[in-house]
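Participant:
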Amino acid sequence: MSGKESKSDAKVGGANTGNGSATPCSGGEGAMMVAPGQKGEYISREAFESNPKGYFTDLHAQGKATSKPNK
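The numbers in my numbering rise by one with no breaks, and the one at position 66 of the sequence shown is 126.
1. Could you pull the start and end residues of the alpha helix (DSSP H) that Lys113 belongs to?
2. One question on the structure: do Phe108 and Tyr115 come within less than 7 Å of each other, judged by their Cβ atoms?
3. Tell me whether Ala95 is buried or exposed, calling it buried when 16 or more other Cβ atoms sit within 10 Å of its Cβ.
4. Going by beta-carbon coordinates alone, are Gly132 and Leu119 separated by less than 7 Å?
5. Tell me which residues share the same chain as Arg105 and place their Cβ nearer than 7 Å to its Cβ, disregarding the 5 neighbours each side in the sequence.
6. Just the C-alpha distance for Ala125 and Pro112, rounded to the nearest angstrom, thanks.
In structure tokens form, the structure reads like this:
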């Protein structure tokens, strides 16, 4: 996978943060990172760092909505 392949837009804290590109650089405008807990999805590093609690709150809420109870 090259650094120029595009990924779908990502969400952080309920806000749309992705710009569709997966830039493998650190820092700077438009930097992307692998989304924690999202199996290879990319998100905006700036948006994640500005609200990591919101990201994980949304991630856990999505997991609860799609998970099946264990019996």
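Beta carbons: idealized from backbone N, C-alpha and C, even for Gly.
Facilitator: Walking through what the data contain:
1. 112–126
2. yes
3. buried
4. The chain is shown only over 61 to 131; residue 132 falls outside these bounds and no answer can be derived.
5. Ala91, Met92, Met93
6. 20 Å
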